[in-house]
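Residue numbers (our numbering): 32 to 303. Comments concern the structure below.
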Ligand SMILES: NC(=O)c1ccc[n+]([C@@H]2O[C@H](COP(=O)([O-])OP(=O)(O)OC[C@H]3O[C@@H](n4cnc5c(N)ncnc54)[C@H](OP(=O)(O)O)[C@@H]3O)[C@@H](O)[C@H]2O)c1
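So this is what it looks like as structure tokens:
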């Protein structure tokens, strides 16, 4: 992977920083309550993925790149638990999803698992799957016992899908009701003692979290591409938020070498 440094544009004064370690070194508060953060790569016109694409996971190749993926994995390495959606596991079962659960990557020899172990963390963060349908296959590597995997659902846990998941050693936590609410999700994570929660799901789970006053922090990568196309996902779904959720810029880095030298911006926002 290209090792060109990044330029910090904010806060000033500007300085050069290596890509590797940028988010491993980012300061996180030491609170007991779950500190929840998310991360998206987006085009300039706000597309993070397209709906109903025939192949792939919908995230356009025009905006994905190894340097952004490296930072995605660094954020995963910082977490106690990663949130993913049932729909991600369905896409993965169909062979069309990106690998987001592993910390290793063939192009990236740095071992983030070793980084965690040196700090006394288990090699991999746990996985919390948010789902209504419960109809996804559990990937083999998730039922190997290396990390705790559990599902949070609004559905009654007595059905056959829940039984199938339990047979694969996946715990099913039921909140009751139509779907999981954001405050229920956060309090389940809190009761389980998680301090750092990485939302690796998409706009639907993000919306749940906003309803609970989360996420605390949002990492956004802006790829300088206009994509258009009407059926797309943006970072958050659902009806208009009134009042708007407020965030304040925490840092901004220019990655001038990325995307054929057109560059990309790594921004981080803190909730106000
Ligand atoms: N560019 C980026 O950085 C980025 C980042 C993340 C995702 N994406 C893309 O965005 C697209 C959507 O991703 P996604 O499907 O993971 O996003 P999502 O909208 O967060 O997940 C939707 C799924 O979450 C579950 N869910 C949502 N609300 C629920 C509730 N109240 N109770 C219980 N379960 C609930 C449901 O799973 P069930 O269907 O199992 O019930 C639902 O289908 C994909 O194309 C993905 O690749 C892009």
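Every residue gets a Cβ at the ideal spot worked out from N, C-alpha and C, and that includes glycine.
| Check | Outcome |
| --- | --- |
| Which residue marks the beginning of the beta strand (DSSP E) containing residue 116, and which one marks its end? | 112-116 |
| Check whether the region 237-257 and the region 206-216 are in contact - that is, three or more C-beta pairs closer than 8 Å. | yes |
| Excluding sequence positions up to five away, which residues of its chain have a Cβ less than 6 Å from the Cβ of residue 238? | 267, 268, 269 |
| Please name the residue in 208, 55, 199 whose C-alpha comes closest to that of residue 149. | 55 |
| Just to check my reading of the structure: residue 247 and residue 302 have Cβ atoms closer than 8 Å, yes? What is that Cβ distance to the nearest angstrom? | 5 Å |
| Pull up the CB-CB distance for residue 19 and residue 105, whole angstroms please, since I reckon it's below 8 Å. | Beyond the ends of the chain as shown, which are 32 and 303, falls residue 19; an answer cannot be given. |
| What's the gap between the Cα of residue 165 and the Cα of residue 112? | 19 Å |
| So is the beta-carbon of residue 76 under 6 Å away from any non-hydrogen atom of ligand 1? | no |
| Where do the ends of the alpha helix (DSSP H) carrying residue 218 lie? | 213-222 |
| Pick from 292, 299, 287: whose alpha carbon is nearest that of residue 49? | 287 |
| So, under 8 Å CB-CB, residue 160 and residue 120 are touching, yes? Tell me the CB distance rounded to an integer number of Å. | 6 Å |
| For residue 258, does the three-state DSSP call read helix, strand or coil? | coil |
| Unbroken beta strand (DSSP E) runs of length 3 or more, entirely within the region 60-134: which are they? | 66-74, 112-116 |
| What are the boundary residues of the beta strand (DSSP E) that residue 295 is part of? | 295-302 |
| The beta strand (DSSP E) with residue 307 in it runs from where to where? | Since the first residue shown for the chain is 32 and the last is 303, residue 307 is missing from the structure and cannot be characterised. |
| Return the chain-ordered list of same chain residues with a C-beta closer than 7 Å to the C-beta of residue 207, the five sequence neighbours on each side being excluded. | 185 |
| With residue 72 and residue 95 assumed to form a contact (beta carbons below 8 Å), what rounded beta-carbon distance in angstroms separates them? | 7 Å |
| Taking only three categories from DSSP, how would you classify residue 237? | helix |
| Taking Cβ positions, are residue 295 and residue 252 nearer each other than 7 Å? | yes |
| For residue 41, count neighbouring C-beta atoms within 10 Å of its own C-beta (all shown protein chains included) and say buried if the count is 16 or more, exposed if not. | exposed |
| Would you say residue 199 and residue 228 are within 7 Å of each other, going by their C-beta atoms? | no |
| In whole angstroms, what separates the C-alpha of residue 59 from that of residue 78? | 28 Å |
| Compute every distance between the C-beta of residue 83 and the non-hydrogen atoms of ligand 1, then say whether any falls below 6 Å. | no |
| Comparing C-alpha positions only, which one of 217, 258, 300 sits nearest to residue 276? | 300 |
| State the start and end residues of the unbroken beta strand (DSSP E) segment that holds residue 286. | 278-286 |
| Give the straight-line distance between the Cα atoms of residue 224 and residue 32, rounded to the nearest whole angstrom. | 36 Å |
| Would the C-beta of residue 300 count as close to ligand 1, meaning under 6 Å from any of its heavy atoms? | no |
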